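Below is one structure, written out as structure tokens, with a few remarks after it.
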Amino acid sequence: MTLNKQPDSLMKKKLIRFRFEFRLPKYVGKLTFLLLLVTVCGFGQTQKTIQGTVVSATDDIPLLGVNVIVKGTNIGTVTDFDGKYSIQASSSDVLQFSSVGFKAFETPVLEESIIDVSLGEDATQLNEVTITSIGYGTVERREITSAVASVDAEEFNRGNINDPSQLLQGKVAGLSIAKPGGDPNAGFNIRLRGLSTFGANSQPLTVIDGVVGGSLALIDPNDIKSIEVLKDASAAAIYGTRGASGVILVTTKKAVGVDAARIDYNTYLAVESVARFVPNSTPEQFVEAGGIDNGYKTDWLGLLTRTGISNVHNLAISNGTKNGNYRASINYRDVEGVGLGTGFEQLNARFNFEQRALNDKFILTLNGGITKRSAQFKPYEALRFAIIADPTAPVYNGGDPANGYWEPTTPEYHNPLGIANEVTDEGEFKTMLGNIRAKYNFTENFDFSAFYSLQYESDLRSQYFSSKTRFSTASGQNGRARKESEDRQNELFELTANYQKTFNGLKVSLLGGYSWQQLSFENFNAFNTNFITDDLLYNSLELGLGTATGSDAFAGMNSQKEESRLISFFGRAMFNYENKLFISGSFRREGSSKFGINEQWGDFYSISGGIDFAEMFEIPFSALKLRAGYGVTGNLPNENYESRTRLSRGSRSFFNNTRYLQGVNFTSNPNPNLKWEEKAETNIGLDFGFLNSRIYGSVDVYSRNTTDVLQSVSVPVPPNFFPNTLLNIGELKSNGLEIALNGAVVQKTDFSYDTGITFSTFNTELVSLDGDREQIFLGNLGAPGLNNILVIRVKEGEKIGDIMAPTFEGLDDQGRRIITDINGDGTINQEDDAVVAGNGLPDFELGWSNSFNYKNLDLNFTIRGAFGHSLVNINRAYYESPAASNNYNPVRTKYYLPELTQPESWNSYYVEKADFLKLDNITLGYNFEISKSSAIKSFRLYASGQNLFVISGYSGVDPEVRYTYGGSPLAPGVEDRNSYFRTKSISLGLNIGL
2 MTLNKQPDSL MKKKLIRFRF EFRLPKYVGK LTFLLLLVTV CGFGQTQKTI QGTVVSATDD
62 IPLLGVNVIV KGTNIGTVTD FDGKYSIQAS SSDVLQFSSV GFKAFETPVL EESIIDVSLG
122 EDATQLNEVT ITSIGYGTVE RREITSAVAS VDAEEFNRGN INDPSQLLQG KVAGLSIAKP
182 GGDPNAGFNI RLRGLSTFGA NSQPLTVIDG VVGGSLALID PNDIKSIEVL KDASAAAIYG
242 TRGASGVILV TTKKAVGVDA ARIDYNTYLA VESVARFVPN STPEQFVEAG GIDNGYKTDW
302 LGLLTRTGIS NVHNLAISNG TKNGNYRASI NYRDVEGVGL GTGFEQLNAR FNFEQRALND
362 KFILTLNGGI TKRSAQFKPY EALRFAIIAD PTAPVYNGGD PANGYWEPTT PEYHNPLGIA
422 NEVTDEGEFK TMLGNIRAKY NFTENFDFSA FYSLQYESDL RSQYFSSKTR FSTASGQNGR
482 ARKESEDRQN ELFELTANYQ KTFNGLKVSL LGGYSWQQLS FENFNAFNTN FITDDLLYNS
542 LELGLGTATG SDAFAGMNSQ KEESRLISFF GRAMFNYENK LFISGSFRRE GSSKFGINEQ
602 WGDFYSISGG IDFAEMFEIP FSALKLRAGY GVTGNLPNEN YESRTRLSRG SRSFFNNTRY
662 LQGVNFTSNP NPNLKWEEKA ETNIGLDFGF LNSRIYGSVD VYSRNTTDVL QSVSVPVPPN
722 FFPNTLLNIG ELKSNGLEIA LNGAVVQKTD FSYDTGITFS TFNTELVSLD GDREQIFLGN
782 LGAPGLNNIL VIRVKEGEKI GDIMAPTFEG LDDQGRRIIT DINGDGTINQ EDDAVVAGNG
842 LPDFELGWSN SFNYKNLDLN FTIRGAFGHS LVNINRAYYE SPAASNNYNP VRTKYYLPEL
902 TQPESWNSYY VEKADFLKLD NITLGYNFEI SKSSAIKSFR LYASGQNLFV ISGYSGVDPE
962 VRYTYGGSPL APGVEDRNSY FRTKSISLGL NIGL
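Throughout the sequence shown, residue numbering follows this note's numbering, covering 2 to 995 in sequence.
What follows is the structure in structure tokens.
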């Protein structure tokens, strides 16, 4: 028997008639007796094997992975590569056939043993799974001709996640997300396709529900529905001046369904601990190496760290009607860091509302959110000093807290517990965002929208150094207090018009728009010293008496206010011919107040196209689209008023017979020709899918060139006012390869397995620095002992991130280092004898995501790795020599050389390969079966682990890539001595739906 489930037009052509003939048996009595006997004995109907083939009704291609289920039971199977299946069923059973993208179908078994089925495509279902945001609108996935990655909530990383950036780690090819160490208050460093600039913002632009430049700090991870990443310039050009480093589009959750009132509550408890300490010497090893035994055994690392306990709560209420919907959520996070006295408490609320009127012609959307975070910080130096503190020394003088903290005689370090307890550092961070969009559909083909948003951020940082502290410059100041506030405002107004219509198979989509944006910034900070009591901390700056010399108590006071504006006109045109040929182009003309009067306006554009060979030819692919794109984007300087003459408070004042006038100094030179950085990028990609898209993915290769890079250049004074001027003078070029491969490996009734792999490689080369110099050196290792040693070389024609060091060959018989003397002058120095010892940027990165489902159980995990990069292990360079025991406790990694007789010295021995493979997260959950009559709609328990293991040969704190050092993106690959330890966590949670 063959059954066809197809669109009506196909049904008319292939409708098959069935004829069933029934004959009355001769021995009715005997048959009746036998049937009764079977019933009495409790036997069911005879099971038989049903076999068949499932094909697509459109092209008769066998379908892989179609679910075949005996209705009302847990018995099921899936079709194989040839579309074939085999299942046990009885004549009275009904078989159900279902697959993503096709209409579900069911049929009774009856007397048949062979049932072939053809499934028709479900266009509605296909559209639901392929809609993707591309900025200023959404399109079907198959229409995209640029490099765009999309990650839905179901694909996000899970577990103990406090930053939205973590959701994407390892999920998008070419997107690097790293945060060395586990400081809960530190942000993530995000790079898309490597480094695109060194003179402006190198982080991707974030757009949240249409708010350009929205703050991720405002969004709780639980409130995010999906994230799209515009990777190449042909996709990002619609955002003009801020698209050079890529664009991340965040869409928050909204109500789903009509009359579907729902309450969701999510919570988890996490326990976090240090995953790896920097190994140091035990008290016995310290004394054996020559250290003085003070008679104590102090575990400084144990005193400065703890088990961090965190709890998270999320409550969301949503509902929808045919005319509108709403969703409101509130989130609470209380996070303890493993470092003593670090962590934060955060409260976040969000509201999304949509109302339709006039037969859906008018749509009003309101979104709002507010976040308040109270954070506690401690100087990273406390953790560094805990590594090297004398393990035989007491915590307190004479072991008695009443005598105060013990302090070493060596000025290079201090009592680590004293730093942690005598320094108060707190922050209050508030973010508010509101936006409104009014859309009117004049016709089914044309609509017009007006959008307004206002984002406000307020940060307050308060510090107090106790009068007892011996740490930093606060030592001897009898208490030092500082307060700093910063307010930022982002105001955006946009008008857009959309037109879409199909002409004889050609779908035309047109967009036009206007954008006005104003960004403002205001800062104030003040400090004072010499307080009569520590009890008031930073709350009464006016009570300070100033420094010991009696200088002005508020000498450190300063304030500033800045603002900038952007005005843009933009448009986009997209053409789709019968889902076979695709062409897209965009243009944006943008003006910024940040630039010189001669160069305030810039033009940014893109063109891209694609051909889907799977739609044009009979080939065994569900998708095979070749695409190519070219685009030009721009970048803004980080500071305002760089094109103008700026002044600041000078060190002198002048008397004009009646009063003193404060003198001022020049801090910049005017440059009326200062303009945008410009990035031109070419991208060629291939999107593919086969076996009914059970396996799908993409391959992209790209090449880009960034010119007019903003760079501060030395200039003579006079004729200039200031010795440095910001010019458009640098140039970078880069290229790379990205591969994303996804597969529904197993799709059965009770078990499924889905996997996804991302692979990316990139290379960034400096073409031109500043016109005068061919190379510069960055990455000062710092004092004491290694100050002014610059270890990162930036050279024209070479890859960014080269680590330079003299070559270590071993030790001689007297325990002295043998270093290669390149120029043979008998002296080893960084300038003449250093060679490339490694590179701070990886050769390639990969991510591997996996999802298993067995009945009500689910298991998800993500493994992520970076390979080819090296790190400068400064802790080893400073503290690994046994001779260090005279001043501090030596570090004892696997590279420790007990026979070494010399103090610290810089060479290649302290450059380590830092390849790593991490289990970023793993989650095991169980969904309980809930009665349909229950008020509870869903109930899930889960356990999750973060960073449970790392495979790496690196001996430092964390093998994660360091994309900057000293604030410079041109100096990657240096692990700072002042680093927060890497952590791991285990969490238990539950999700309840009502």
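For each residue, glycine too, the CB sits at the ideal point set by N, CA and C. Since this is a predicted model, take the numbers as computed values, not measurements.
Note on geometry: alpha-carbon atoms of ASN599 and PRO671 lie some 12 Å from one another.
The bridge partners DSSP lists for THR530 are ARG481. THR253 is bridged by DSSP to ILE225. Residue environment for PRO807: buried (at least 16 other C-beta atoms within 10 angstroms of its C-beta). For GLY214, the CB contacts under 6 Å within the same chain, skipping 5 residues up- and downstream, are ASN491 in chain order. Under the three-state reduction of DSSP output, PHE352 falls in the strand class. Relative to THR283, the option among LYS298, SER569 and ASN540 whose CA is nearest is LYS298. Within a 10 Å sphere around the beta-carbon of PRO883 sit 16 or more other beta-carbons, which makes this residue buried. DSSP places GLN286 in the helix class (H, G or I) of the three-state scheme. For the region 744 to 828, the full-length beta strand (DSSP E) segments reaching 3 residues or more read 752 to 769, 776 to 783, 787 to 796, 803 to 807, 809 to 812 and 818 to 820 along the chain.
The continuous beta strand (DSSP E) containing PHE656 extends over residues 648 to 656. Pairing ASP94 with SER57, the inter-Cα distance amounts to about 24 Å. In the DSSP assignment, ARG877 falls within the alpha helix (DSSP H) that extends over 875 to 880. Going by beta carbons, ARG481 and PHE528 fall inside the 8 Å limit.
GLU107 is the residue among LEU111, TYR964 and GLU107 whose C-alpha sits nearest the C-alpha of VAL118. The three-state reading of DSSP puts TRP301 in helix, counting H, G and I together. Rounded to the nearest whole angstrom, the C-alpha separation of LEU219 and ALA150 is 23 Å.
According to the DSSP secondary-structure assignment, ILE923 is paired through a beta bridge with PHE862 and GLY946. The closest CA to that of TYR896, considering only GLY957, GLY244, ASN163 and SER945, is found on GLY957. Assigned with DSSP and collapsed to three states, ASP535 falls in coil, not helix or strand. Comparing C-alpha distances from PRO891 to each of VAL339, ASN332 and ALA387 shows the shortest one belongs to ALA387. Exclusion of the five residues before and after SER330 leaves ASP224, ALA317 and ARG351 as the residues of its chain whose Cβ lies within less than 6 Å of its Cβ.
CA-to-CA, the gap between ARG143 and LEU384 works out to about 51 Å. In this chain, the beta strand (DSSP E) harbouring ALA838 covers 835 to 840.
Secondary structure of ALA276 (DSSP, three-state): coil. Contact between GLU543 and SER516 does not hold, since their C-beta atoms are separated by about 45 Å, which reaches or exceeds 8 Å.
Boundaries for ALA187: no alpha helix (DSSP H) harbours it, and the DSSP string shows neither H nor E there.
Note that the region 659 to 677 touches the region 643 to 651; at least 3 beta-carbon pairs, one per stretch, sit closer than 8 Å. With contact defined as three or more Cβ pairs closer than 8 Å, the region 389 to 402 and the region 360 to 373 are not in contact. DSSP assignment within the region 590 to 677 yields the following whole beta strand (DSSP E) runs of 3 residues or more, N-terminal first: 602 to 613, 624 to 636, 648 to 656 and 661 to 667. In the three-state reduction of the DSSP assignment, GLU155 falls in the helix class. Residue state for LEU520 is assigned as strand, using DSSP reduced to three classes. Secondary structure note for ALA238: it is in no alpha helix (DSSP H), with a DSSP letter that is neither H nor E. Of all C-beta pairs linking the region 848 to 861 to the region 924 to 936, three or more are shorter than 8 Å, placing the two stretches in contact.
Secondary-structure assignment with DSSP links GLU122 through a beta bridge to PHE103. Judged by pairs of C-beta atoms under 8 Å, the region 606 to 620 touches the region 629 to 638, as three or more such pairs exist.
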